[in-house]
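The sequence shown begins at 42 in our numbering and counts up one residue at a time.
All C-beta atoms in this analysis are idealised placements derived from N, C-alpha and C, irrespective of residue type, glycine included.
Structure record follows, encoded as structure tokens.
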Amino acid sequence: MFGILAPCPSRTPDDLKPRWMGHFCGLCLELRDDAGHFARLTTNYDALALSVLVEAQLGADSDARDAGPCALRGMRRQRVATGGGPRLAATASLLLASAKLRDHVEDGDGIVARPGARGLAGVTAGRLRRKAASIGGSIGLDVEPLVAVIEGQRDIEASCGPGTPLTAVTAPTETATGALFAHAATLGGEPGNAEAFRAAGTAFGRLAHLLDAADDFDEDAERGAWNPLAATGAGVEGARALARGALADMKAALASASLLDASLTGLLLDRYARHAVAKAFGSTCASYHEPDRSHEVRGIPRRADLHPGDEIGDPPRRRGFWAGLCGFAVLCCTCQLCCAEHYEGPWSGRGREGCCRDCCDCGWCECCNCCQCCGGDSDGGGCCGGCDCSCD
């Protein structure tokens, strides 16, 4: 599971948890049915926004069914989304996974740098793209223009340099994401929402690209890999301002759309998105603490990242493609990717933290005691962006 809109169970309202899980399971089952069990590994948190947007326009008329027990949800049954929404989300997940694999193949980095893995990754990327085209065709979406836009990313990156606007680098992602969001209006039976959704998708594409670049900034610098924030000279601070602007643009665009039920849309594209920005760039929230990087040395992990028995200076234990894949499956099935305080990356062996571990303590503001969190942030509203509780 990948994406910036990672769930935070402790901060999600109880009435929205089963609905979010219904879309998540609907996407996973759609991938299984239309692309095979292996495709379920491409399940993307961000793609759920597309399924949610379709449901937000249909309301009670949205398609759903009862699914049987599943190990990933504690062998419980679940009401899951079906129809055009999950299919659109599945198309987006497969396209994104295919693009990422092709990038690794062309760059010769990541897991595909291992002997024998590059050819397999290229074949897999092609298969995922064909499955995306098939599923997209079933809902009236032509994915070829999106593929062409995505493939133009490499030429843009090759031509950019110091002084190039970050928005020029994020443009292909914005265009593709905007088109996917706009198609959600068609599937939801509200073509009048297409332009508002396209604007929201454009802002979300920019936000996702910037957060990905910010998260990889230090690691790319260590490896000497290309990163848009370094290549353009904008740095993390330049990305922060654009990310805040993208949040505001996305919120304004969705506010102008006609929705029957915007509660789950607000959860993903407002609350989760703001938390992702706060986690990537820092926050003025009193309960948030920036990671201490003062003792980091190139190539040597922080002591907090070490496991019992590790010694500072020991290289991380790397795994082959298949061993890493097995490790990834175990981490997913045991929820360590989400909730563990520390775990080893399945391929790199580096210390990682669960995506929900550092949720801002007032991110959902049941009772808020930090006024900076709720609006005092000069960048645009703190991690809460203006919560509902009183901060008097």
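A distance below 7 angstroms between beta-carbons, with the five flanking residues on each side excluded, links Glu215 to the following residues of its chain, in chain order: Thr243, Gly246 and Arg247. Ala280 is positioned such that its CB atom lies closer than 8 angstroms to that of Leu270. Under the three-state reduction of DSSP output, Cys201 falls in the coil class, being neither helix nor strand. Straight through space, the alpha carbons of Asp148 and Ala162 are spaced by roughly 12 angstroms. In the structure shown, the three-state DSSP call for Arg106 is strand.
In the three-state reduction of the DSSP assignment, Cys367 falls in the helix class. The bridge partners DSSP lists for Tyr384 are Arg393. When DSSP reads this structure, Ala122 sits in a beta bridge with Ala105.
When DSSP reads this structure, Phe322 sits in no beta bridge, so it has no partner. Under DSSP, the beta-bridge partners assigned to Asn85 are Phe43. Taking C-beta atoms under 8 angstroms as the contact rule, Ala105 and Val95 fail to qualify, at a distance of about 12 angstroms. Straight-line spacing of the CA atoms in Ala90 and Leu295 works out to 12 angstroms. At the C-beta level, Val190 and Pro213 come within 8 angstroms of one another. For Val153, no alpha helix (DSSP H) segment is defined, and its DSSP state is neither H nor E. In its chain, beyond the 5 residues on either side, Leu270, Val277, Ala280, Ala321 and Phe322 have a beta carbon closer than 7 angstroms to the beta carbon of Ala255. Where Pro59 is concerned, the enclosing alpha helix (DSSP H) starts and stops at Lys58 to Ala76.
In the three-state reduction of the DSSP assignment, Cys111 falls in the strand class, which pools E and B. If you look at Thr211, you'll find it in the alpha helix (DSSP H) that goes Leu207 to Leu228. When Cβ pairs closer than 8 angstroms are counted between the two stretches, the stretch 162-171 is seen not to touch the stretch 191-205, the count staying below three. In the DSSP assignment, Ala272 falls within the unbroken alpha helix (DSSP H) covering Pro269 to Ala272.
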